[in-house]
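Read left to right, the sequence shown gives residues 2 to 163 (this note's numbering).
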Amino acid sequence: MRWREMREDDVAGVAAVADVVHLDYPENPAVFAACLRHYPSGCRVLEGNEGQVAGYLVSHPGRQDHPPVLDTPMEALAEPFDCYFLHDLALGAATRGRGFAGEAVGIALGEAKALGLDRVVLIAVGDAHSFWKRQGFELLGDGLLHPAKGYGPEARMLVRRF
2 MRWREMREDD
12 VAGVAAVADV
22 VHLDYPENPA
32 VFAACLRHYP
42 SGCRVLEGNE
52 GQVAGYLVSH
62 PGRQDHPPVL
72 DTPMEALAEP
82 FDCYFLHDLA
92 LGAATRGRGF
102 AGEAVGIALG
112 EAKALGLDRV
122 VLIAVGDAHS
132 FWKRQGFELL
142 GDGLLHPAKG
152 YGPEARMLVR
162 RF
């Protein structure tokens, strides 16, 4: 298995992984397609041994005060950029515990650094908070999000500065 750049024909596979992993946080495939269209170098798939999409990373530059809205395709990247968003990372069950998530975080950090940005921001949902803490992320302020963003009351905005 290896991380590679996402292609348009991967979007259905990405959506299939998302449907299994993010049951409580569904996103229309158009969300992934929009991210790929606006910032392709931040979109990767973990290609399985049979060529299938086994996981994905969606990330892009943006503005900290304009986090992505759940299940809403971006119309454009929010400029001027002041951070790099790790928009979504999901791995199928068979790929977990093998270091692929850490590799994906490294990809996002590299993209941010290449753009001259000093932080990566994400919205942690469900029970992922401890994973992100192990990856060097911490609460951004109180971490609370406006309910209109659609992530639910347990979601928190996290940051990793460098």
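All C-beta atoms in this analysis are idealised placements derived from N, C-alpha and C, irrespective of residue type, glycine included.
In angstroms with no decimal places, state the Cα-to-Cα distance between residue i and residue j.
i	j	result
Arg120	Arg162	4 angstroms
Arg38	Asp83	20 angstroms
Ser131	Arg8	31 angstroms
Asn29	Val15	10 angstroms
Gly144	Val126	11 angstroms
Phe33	Val12	7 angstroms
Leu159	Leu87	10 angstroms
Val21	Gly93	8 angstroms
Ser42	Phe138	22 angstroms
Gly49	Tyr85	27 angstroms
Asp25	Gly117	34 angstroms
Pro62	Asp128	25 angstroms
Arg97	Pro27	20 angstroms
Ala156	Val122	13 angstroms
Ile124	Glu51	31 angstroms
Pro81	Arg64	7 angstroms
Gln53	Glu6	13 angstroms
Label residue i either buried or exposed according to how many other C-beta atoms from any shown protein chain fall within 10 Å of its C-beta, with 16 as the threshold for buried.
i	result
Leu141	buried
Arg3	exposed
Arg45	buried
Gly56	buried
Ala95	exposed
Ala19	buried
Asp10	exposed
Ala115	exposed
Based on DSSP bridge pairs, tell me the residues matched to residue i.
i	result
Val32	DSSP output for Val32 lists no bridge partner at all.
Met158	Ile124
Glu6	Arg45
Val54	Glu48
Glu104	Glu104 pairs with nothing; no bridge assigned.
Asp25	BP columns for Asp25 are empty, so no partner.
Note to self: I want to know whether the stretch 65 to 74 touches the stretch 148 to 156 - three or more CB-CB distances under 8 angstroms.
What the structure shows: yes
Checklist line | Stretch pair the stretch 101 to 112 + the stretch 70 to 80: three plus CB contacts closer than 8 angstroms | finding: Contact fails: fewer than three Cβ-Cβ distances are below 8 angstroms.
Note to self: Just to confirm the assignment: which complete alpha helix (DSSP H) runs, minimum length 4, are found wholly within the stretch 57 to 87?
What the structure shows: none
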